[in-house]
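For reference, the structure discussed in these notes is given below.
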Amino acid sequence: MHRRNYLKALAVAGTAGLAGCGGDSEGTATLPETVQQARDEAEETDTETATRTATPTEPPAVPLDWRTYARDATNARYVADQPDIAGEYEVNWAADVSSTSRVIAGDETLFVQSDRDHVASSLSAIDPDGEVRWTWDAGEIGGTVYADGAVAGLTRDGDVLVLDPKTGERTALVTDVETEPDVSLNQASESGLFVTVSSESYDPSELAIVDLTAGEIVHQSTVESMAGVYETLISDGEIILIGAAPVESTWQDNPMMVQRRDLETGDVLGSFERTWLREEEMGWADWSTVDGSTVFSVTDRSGMQYDDARNGMFAYDTDGSLHWRQPDLFVNKGVSPPLLDEDNVYLIAADTVLALDRESGDQQWQYETTGAFSPGSMVTDEALLVPDRYQSGEIRIHRIDPANGDADRVSMYESEGEGGLYDQPKVRLRPASEGIYVRGTQLRHLEPVETEA
Numbered sequence: 010m011h012r013r014n015y016l017k018a019l020a021v022a023g024t025a026g027l028a029g030c031g032g033d034s035e036g037t038a039t040l041p042e043t044v045q046q047a048r049d050e051a052e053e054t055d056t057e058t059a060t061r062t063a064t065p066t067e068p069p070a071v072p073l074d075w076r077t078y079a080r081d082a083t084n085a086r087y088v089a090d091q092p093d094i095a096g097e098y099e100v101n102w103a104a105d106v107s108s109t110s111r112v113i114a115g116d117e118t119l120f121v122q123s124d125r126d127h128v129a130s131s132l133s134a135i136d137p138d139g140e141v142r143w144t145w146d147a148g149e150i151g152g153t154v155y156a157d158g159a160v161a162g163l164t165r166d167g168d169v170l171v172l173d174p175k176t177g178e179r180t181a182l183v184t185d186v187e188t189e190p191d192v193s194l195n196q197a198s199e200s201g202l203f204v205t206v207s208s209e210s211y212d213p214s215e216l217a218i219v220d221l222t223a224g225e226i227v228h229q230s231t232v233e234s235m236a237g238v239y240e241t242l243i244s245d246g247e248i249i250l251i252g253a254a255p256v257e258s259t260w261q262d263n264p265m266m267v268q269r270r271d272l273e274t275g276d277v278l279g280s281f282e283r284t285w286l287r288e289e290e291m292g293w294a295d296w297s298t299v300d301g302s303t304v305f306s307v308t309d310r311s312g313m314q315y316d317d318a319r320n321g322m323f324a325y326d327t328d329g330s331l332h333w334r335q336p337d338l339f340v341n342k343g344v345s346p347p348l349l350d351e352d353n354v355y356l357i358a359a360d361t362v363l364a365l366d367r368e369s370g371d372q373q374w375q376y377e378t379t380g381a382f383s384p385g386s387m388v389t390d391e392a393l394l395v396p397d398r399y400q401s402g403e404i405r406i407h408r409i410d411p412a413n414g415d416a417d418r419v420s421m422y423e424s425e426g427e428g429g430l431y432d433q434p435k436v437r438l439r440p441a442s443e444g445i446y447v448r449g450t451q452l453r454h455l456e457p458v459e460t461e462a
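The sequence shown begins at 10 in our numbering and counts up by one.
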């Protein structure tokens, strides 16, 4: 039995109020005919079994699992046990934080860096009840990450600052890292290895790996074959660097580069130029995420050769083999970082959401709205949650069924001055062990409203 159908059966009570394609969501969802037929056959086959096994259970509390992709702490991976978001929600607590802050999670604690993209002046720890546990303001810190019981970031000099997540006290300061800090590229493994890399347009990049527990450098090297690194990923014990090959002239076309390194030693495991991107004139990889050995990259063909900005997606193995490509998915629509679950990869662009099969790249469904979407989306075990971008007063999300694109809008809270309209802050969703975190003009924790059975 297909897992999606089983999960759908378990969620019958919670999703009975969903509208059909579009419904009151002011949006529409469409499925390719062959996909719709396959869905219908699967539902007919699984009806008896799903009915027999549909025993609703209380979703367990889960540790927060936020991974840093695409230069912001985003839930770009599948949150397997995340409770479903349906029905009405209310604000449990709200904290005043900058709309440009960087918010990361460690266990049940939120860490708020006062500036997302640069070295910041302070870092605060917020408990699950919304209380500020501590604030570090004794020095600058940027690109904050959490791993294995440590909070770490870069100073303006490129040193690695390590803090105790419970007290905020400094436990280590690792100097002589010798990288020009690019705080947007910082990553950390679950084992507590901190990876930082410089990003220069024409000079080779510098890579450093720091053991946060020991407070020492375990590897330093020059990435000779790559300049302009703009994505750092960690997966299955490997560091994956995505960037461009060095060029001799600003007028040269930089071929795309991918390099794999061992996370523990920093040794090069493989490196290749994505010539198939260059030959097909697929442009740059705007956003990338990785699952196992497969990298999913949103490509951008805007530039001097094109009158329009064209975005697509490539899926390829870290050994250089191409799985599939969809070169022209969007025209003149900004695309957000991709989201993954066990079946699909989701692309959100302006007023359109596309679901592509992870293995083949075939389109599964398309959902459109009359307004626009905010980039801070997330995917749970039951739903793809996409905030409205242009809204005033009532802040809502589109709750989309991953199986077929059916959706409705769920009201979250009332607020003025957010939603991404012109210079307003965008609404970004983050998973919580219970409920959901929303960052807009404030950082809010929302919990479901209890209703009588």
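Heads up, the beta-carbon is just placed ideally off N, CA and C, and yes, glycines get one too.
With fewer than 16 other beta carbons inside 10 angstroms of its own, residue 223 counts as exposed. Collapsing the DSSP output to three states places residue 193 in a helix. Residue 213 sits in a strand when the DSSP states are folded into three classes. Spatial neighbours of residue 423 in its own chain (CB-CB distance under 8 Å, excluding positions within 5 residues in sequence) are listed in chain order as 402, 403, 404.
Residue 229 and residue 414 have their C-alpha atoms spaced approximately 46 Å apart. Put simply, the backbone Cα of residue 372 is about 12 Å away from that of residue 412. For residue 119, the closest C-alpha among the options 191, 167, 227, 453 is that of 453. Between the alpha carbons of residue 268 and residue 387 lies a distance of about 28 Å. For the options 226, 132, 298, 345, the alpha carbon positioned closest to that of residue 242 is the one of 298.
The alpha-carbon of residue 318 is positioned some 39 Å away from that of residue 219.
In terms of Cα proximity to residue 358, the closest of 304, 351, 309 is 309. Taking all protein chains shown into account, residue 205 has 16 or more neighbouring C-beta atoms within 10 Å of its C-beta and is therefore buried. Here residue 233 carries a strand assignment [DSSP, helix/strand/coil]. Of the candidates 134, 301, 341, 354, the residue whose Cα lies closest to the Cα of residue 322 is 354.
Exclusion of the five residues before and after residue 233 leaves 213 as the residues of its chain whose Cβ lies within less than 7 Å of its Cβ. A distance of 8 Å or more separates the beta carbons of residue 447 and residue 458. The shortest CA-to-CA distance from residue 127 to any of 142, 362, 352, 165 is the one to 165. Taken atom to atom, the span from the alpha-carbon of residue 122 to that of residue 382 is near 25 Å.
Apart from the 5 residues on each side of it in sequence, residue 369 sits with its Cβ closer than 7 Å to the Cβ of 333 in its chain, given in chain order. Scanning its chain for C-beta atoms nearer than 7 Å, with the 5 sequence neighbours on each side dropped, one finds around residue 303 the residues 324, 326, 332, in chain order. The criterion of a C-beta distance shorter than 8 Å is satisfied by residue 143 and residue 176. Within the segment 117 to 167, the complete beta strand (DSSP E) segments of 3 residues or longer fall at 118 to 122, 132 to 135, 141 to 145, 151 to 156, 159 to 163, listed in chain order. Judged by DSSP in its simplified three-state form, residue 303 adopts strand.
Taking 8 Å as the cut-off, the Cβ atoms of residue 347 and residue 305 count as close. Annotated three-state conformation of residue 418 is strand, per DSSP.
Under the three-state reduction of DSSP output, residue 295 falls in the strand class.
For residue 173, the secondary structure class from DSSP, reduced to helix, strand or coil, is coil.
In the three-state scheme derived from DSSP, where H, G and I count as helix and E and B as strand, residue 405 is classed as strand.
If you draw a straight line from the Cα of residue 158 to the Cα of residue 340, it comes to about 44 Å. Of 246, 380, 389, the smallest CA-CA separation from residue 352 is found for 389. Taking every protein chain shown into account, the CB of residue 207 has 16 or more other CB atoms within 10 angstroms, so this residue is buried. Remark: C-beta atoms of residue 129 and residue 221 do not approach each other more closely than 8 Å. Between residue 152 and residue 163, the C-beta gap is smaller than 8 Å, which places the two residues in contact. Going by beta carbons, residue 180 and residue 217 fall outside the 8 Å limit. Residue pairing by DSSP puts residue 397 in a beta bridge opposite 382.
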